[in-house]
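The sequence shown begins at 1 in full-length UniProt numbering and counts up one residue at a time. Note that beta-carbon positions come from the ideal geometry of N, C-alpha and C, so glycine has one too. This one's a predicted model, so the numbers in the text were calculated from it and none came from an experiment. Down below is the structure, laid out as structure tokens.
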Amino acid sequence: MTEPKQLAVQALQWTGDSLKVLDQRLLPETIAYEDYRDAQGVAEAIKTMRVRGAPAIGIAAAYGVALSVKLHCYDRSVNWSDQVFADIERLAASRPTAVNLFWALDRMKALLNSQPEDPVAATQALAVEIHQDDIAANHRIGELGADIIGGAKGVLTHCNAGALATGGYGTALGVIRSACRRGLNKVFAGETRPWLQGARLTVWELAQDGIAATLIADSAAAWLMKSGAVDWIVVGADRIAANGDTANKIGTYSLAVLAKQHGVKVMVAAPLSTIDWNLADGSGIEIEQREPNELLPDSYNQESLVSAWNPVFDVTPVELIAAIVTERGVVVNPSENGMGSLKS
Ligand code: MRU
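Written out as structure tokens, the structure is:
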């Protein structure tokens, strides 16, 4: 086994004064970073999906808070912390489903409430720590997941749960990267309509890393499973309830149902920051609805008789999940074994 090399793709770069965000709406044609110096801009970058993916959203929000503190804390004419807490609210309103966003903001709030001597240095240090911890968690998840799927004939992934969606390396793609280093050589990715995270991001990201992947239309998944080419579906998560029910990109639930029919197993790979211990099960997870125009062809925009229903996540019941892989360890058959071993 060779050591992991530096990844070609980085969604977020902290400069010390600003956050550089790779604009994922433009990939794969254009690689362009935008420079953000305030929380308002970062909130907008999250809302418009320049940065996306649960862990990456949380990390960006943490840097957003650090930028807000830097901007307001030297302003003696106002109560600067009110401005920062207003920015935290703004960041929290940017997207509803990925719990990593609220987890990161809670950590930043707790730090501010502890009234650190140097709030600028302290908030920047915590944002960097959240970022670095996520990368380390991804590598651990990758190795643990690869231990389980070692020997798989092929795997199918959905959406993009890679370096682009995290601090780096990825969750589902972390598992796939690690498994490929151990000999896995058949990786399929669903295109992931309507935003095409699979087609535009996943196969591109893997190619940047020298990993060949085969794109399928989402509607080809059942037929792929029937062919016997894959024995695992490996996905990330936006929020995992305390019982293991898992919210992830729309279409994940369909894949899990199809997987059951075909004897294919489902692995959810996610850091602990994606587990929402406050929710007993997945019924309490807010599912983001995005604009119909993300789905509708432009020519229908003025047509009142044509509308679109565009939920962008769904919840896979824990009974359909064979393994949940985190940096703290793996739960096999979580519906039978429970999630208790992942609690601190
Ligand atoms: O709408 P997106 O692109 O932010 O959705 C992302 C996903 O659903 C990912 O699968 C999930 O966040 C896991 S990322 C490691």
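Checking 9 Å against the spacing of the C-beta atoms, do residue i and residue j come in under that value?
i, j, result
"alanine 11", "valine 69", "no"
"glycine 150", "tyrosine 169", "no"
"alanine 172", "glycine 236", "yes"
"phenylalanine 188", "lysine 249", "no"
"glutamate 205", "asparagine 278", "no"
"aspartate 231", "arginine 193", "no"
"valine 332", "glycine 145", "no"
"valine 234", "leucine 320", "no"
"lysine 265", "alanine 213", "no"
"alanine 136", "alanine 179", "no"
"valine 211", "leucine 224", "Checking the displayed sequence, the identity of residue 211 turns out to be isoleucine instead of valine. No, these two residues do not count as a Cβ contact at 9 Å."
"proline 311", "glutamate 288", "yes"
Could you pull out every residue in the same chain whose Cβ sits closer than 8 Å to the Cβ of residue i, ignoring the five residues on either side in sequence?
i, result
"histidine 131", "Leu12, Trp14, Ile59, Ala62, Tyr63 and Gly167"
Cβ of residue i versus every heavy atom of the ligand MRU: is any distance shorter than 8 Å?
i, result
"valine 235", "yes"
"lysine 249", "yes"
"isoleucine 148", "no"
"glycine 53", "yes"
"asparagine 278", "no"
"histidine 158", "yes"
"arginine 95", "yes"
"threonine 316", "no"
"isoleucine 287", "no"
"phenylalanine 102", "no"
"glycine 142", "no"
"isoleucine 211", "no"
"threonine 48", "no"
"glycine 170", "yes"
"phenylalanine 313", "yes"
Could you name the residues that DSSP lists as bridge partners for residue i?
i, result
"threonine 157", "Ala189 and Val234"
"phenylalanine 313", "Lys249"
"lysine 20", "Gln13 and Asp35"
With a CB to CB cut of under 7 Å and the five nearest residues on each side skipped, what residues in its chain are close to residue i?
i, result
"tryptophan 103", "Gly58 and Ser273"
"asparagine 293", "Asn301"
"isoleucine 275", "Ile240 and Leu342"
To which residues of the same chain is residue i closer than 6 Å at the C-beta, ignoring the five residues directly before and after it?
i, result
"threonine 2", "Note that threonine 2 has pLDDT 39, beneath the 50 cutoff, so the model's placement of it is unreliable and no number is given."
"aspartate 245", "Asp281, Gly282, Val315, Pro317 and Val318"
"proline 4", "Unreliable positioning characterises proline 4 in this predicted model, as indicated by a pLDDT of 44, which lies under 50. A coordinate reading is not provided."
"alanine 43", "Arg90, Leu91 and Ser94"
"histidine 72", "Trp80, Gln83 and Val84"
Pop quiz: residue i and residue j are said to be a contact at Cβ under 8 Å. What is the actual Cβ separation, rounded to whole angstroms?
i, j, result
"threonine 48", "glutamate 286", "Threonine 48 to glutamate 286, Cβ: 19 Å. No contact."
"threonine 123", "alanine 66", "4 Å"
"glutamine 208", "valine 21", "With 8 Å as the limit, glutamine 208 and valine 21 do not qualify as a contact, their Cβ atoms being about 18 Å apart."
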